[in-house]
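Report on one structure; see the data block that follows.
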Amino acid sequence: MRGVMLAALALAGCDSVKILSDDSGGVFGDDTGRRTGGSGVTDCDGAYDNSPPDGPDCVTASIACGETVTGTTEGGGSQFTLDLYQSAYCFVPFENYDGPERVYALDLPADTLAEIDVDTSCEDMGFAALKWDPSTCPPNEGHNITICEGLQYGTGGSVDITPFDTETRHLLVVDAPSGTEAAFTIEVTCQSR
């Protein structure tokens, strides 16, 4: 019994212990649901750039390890839909996701673990992180997304992208169901493995 107690105490202090969330639990990593609940720094009444995506295609901008972006879905594209999220097994969508989304491209070096913290506390929104190497955004029909993990309709949480042997590109999507336009924050923290 004493050994079990010591092991439990040792694990309690270990940063690598993950608790799986109750969503899709896909192969994209240890989806940890509300491990941190997002950064909690989003100013819901702030003035954010609502320009259309800069590209290529649907991408609003690039984001890198160690960066935080705060923005709004207002003015975003609307390429990603319920059909895409369902067929890619990102999460089980309970809304239509016809509202605007913002897409950020994340290029990860080989052997890098990325923790993506998302705060969508201003409005309930969804988040998806999908592995996608082409420079264009995936079409809603006929796409071949093999790895996706997300957080369905809610106020944020965390998703981990597990390390790959080679450099990979990921699209981070904050999507608003039913025409919702609101502010959000995405924070990317990385560790080399």
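Sequential numbering of the sequence shown, starting at 384, is according to our numbering.
All C-beta atoms, glycine included, are put in the ideal place defined by N, C-alpha and C.
Model, not experiment: these values are computed from the prediction.
Classify residue i as buried or exposed, calling it buried when 16 or more other Cβ atoms lie within 10 Å of its own Cβ.
i, result
"Asp502", "buried"
"Pro626", "Because residue 626 is not part of the residues shown, which for the chain are 384 to 576, the question remains open."
"Cys573", "buried"
"Phe567", "buried"
"Ala430", "exposed"
"Pro436", "buried"
"Val475", "exposed"
"Gln469", "exposed"
"Ile425", "In the sequence as displayed, the identity of residue 425 is Thr instead of Ile. Buried, since its Cβ has 16 or more Cβ neighbours within 10 Å."
"Leu541", "Leu is not the amino acid found at residue 541; the sequence shown has Ser there. The residue is buried, with at least 16 neighbouring Cβ atoms inside 10 Å."
"Gly412", "Summary for Gly412: the model assigns pLDDT 36, below 50, so the residue's position carries little reliability, and this model does not support an answer."
"Pro521", "buried"
"Gly459", "buried"
"Asp405", "A caution first: Asp405 carries a pLDDT of 31, below 50, which makes its placement in the model unreliable, though a value can still be read off. Classification for Asp405: exposed."
Let me make sure I understand the geometry here. Which of the options has the alpha-carbon closest to that of residue i?
i, options, result
"Pro492", "Ser561, Tyr431, Asp548", "Asp548"
"Ala511", "Asp490, Thr551, Thr519, Thr464", "Thr464"
"Ala497", "Thr443, Glu550, Asp426, Gly562", "Glu550"
"Glu484", "Ser575, Leu554, Val571", "Leu554"
"Ile544", "Asp440, Thr495, Glu478", "Thr495"
"Gly482", "Ser575, Glu570, Val557, Arg576", "Val557"
"Pro546", "Gln535, Ala559, Tyr536, Arg576", "Arg576"
Just checking my contact of residue i with residue j at CB under 8 Å: how many whole Å lie between their CB atoms?
i, j, result
"Leu513", "Ile499", "Contact doesn't hold; Cβ gap of about 12 Å is too wide."
"Met508", "Ala444", "Incorrect: roughly 18 Å between the Cβ atoms, too far for contact."
"Asp440", "Thr519", "5 Å"
"Asp618", "Arg552", "The structure shown does not extend to residue 618, since the chain is modelled only from 384 to 576, so the question has no answer here."
Check whether the Cβ atoms of residue i and residue j lie closer than 7 Å to each other.
i, j, result
"Tyr487", "Ile446", "yes"
"Thr455", "Glu506", "no"
"Ser561", "Thr538", "no"
"Glu457", "Asn479", "no"
"Thr451", "Glu570", "yes"
"Gly533", "Cys473", "yes"
Curious, which full-length beta strand (DSSP E) runs of at least 3 residues does the region 424-457 contain? 442-446, 451-455
Ordered list of beta strand (DSSP E) runs contained in the region 471-506, each at least 3 residues: 484-491, 495-502
Please go through the region 519-575 and give each complete beta strand (DSSP E) segment of 3 or more residues, from N-terminal end onward. 531-537, 539-544, 551-558, 566-575
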